[in-house]
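**Q** Under the numbering used here, think of the first position of the sequence shown as 4, with each following residue one higher.
Note that CB positions come from ideal geometry on N, CA and C, so glycine has one too.
Got a structure for you, questions after.
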Amino acid sequence: MGGSVYGAASDVAEVSARVVKGVGMRLVLLRDGNPVQTTSITTDPQTVTLPQPIGTGGYVRAELRGEPYVDPNPRASRQDMEALTNPIFFVAGPRPAGAESQGAPPTDGGTA
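Here's what the structure looks like:
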């Protein structure tokens with residue numbers, strides 16, 4: 004998981020996340036740290052996709068979250084995050100020679 008996708012700013016990459024054993028949780032897909040899609044996980048396994056333009060660059064990542072938890076002790080801190088991914092970086096421009104890549108974003112509706 005992780006890596007870089009190279010392409011023109013106008014190219015669109017299809018980001019997919021497959022969740023196993025996550026029924027009852029929610030998958031949050033983030034672009035540059037901001038949530039852009041939240042999906043309830045209702046089947047096992049479940050694949051969630053999100054088309055994203057390469058644009059000027061940035062990154063996407065996913066967070067799997069359970070139910071929010073309010074701790075009765077205000078000094079304690081518990082978050083509802085169950086899992087998260089490494090970022091996948093979008094890079095506007097051609098892939099440099101020798102650079103690792105998840106592949107150029109498709110222009111025919113395929114999966115990057």
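Using three-state DSSP, classify Asn89 as helix, strand or coil.
**A** Residue mapping note: residue 89 aligns to position 86 of the sequence shown, counting from 1. Of the three classes helix, strand and coil, the one that applies to Asn89 here is coil, per DSSP.
**Q** Taking the beta carbon of Asp14 as the centre, do at least 16 other beta carbons fall within 10 Å, making it buried, or is it exposed?
**A** Here residue 14 refers to the residue found at position 11 of the sequence shown. With 16 or more Cβ atoms within 10 Å of its Cβ, Asp14 is classed as buried.
**Q** Going by the beta-carbon positions, is the gap between Val18 and Ile91 smaller than 8 Å?
**A** Counting from one through the sequence shown, the residue named residue 18 turns up at place 15. Counting from one through the sequence shown, the residue named residue 91 turns up at place 88. Yes. Within cutoff.
**Q** Using alpha carbons as the reference points, say which of Ala65, Gly61, Ala16, Gln55 lies closest to Arg29.
**A** For the purposes of this step, residue 29 is taken as the residue at position 26 of the sequence shown. The residue with the shortest Cα to Cα distance from Arg29 is Ala65.
**Q** For Gly61 and Asp35, which I take to be in contact (beta-carbon distance under 8 Å), what is that distance rounded to the nearest angstrom?
**A** Position 58 of the sequence shown holds residue 61. Position 32 of the sequence shown holds residue 35. That belief holds up - the Cβ atoms of Gly61 and Asp35 are roughly 4 Å apart, short of 8 Å.
**Q** Tell me the DSSP secondary structure of Val39 in three-state form.
**A** Here residue 39 is taken as the residue at index 36 of the sequence shown, counted from 1. Strand, per DSSP.
**Q** Can you give, in chain order, each stretch of the alpha helix (DSSP H) that sits fully within the segment 45-73 and has at least 4 residues?
**A** none
**Q** CA-CA distance, Gly101 and Gly69?
**A** Position 98 of the sequence shown holds residue 101. Position 66 of the sequence shown holds residue 69. Note on geometry: alpha-carbon atoms of Gly101 and Gly69 lie some 40 Å from one another.
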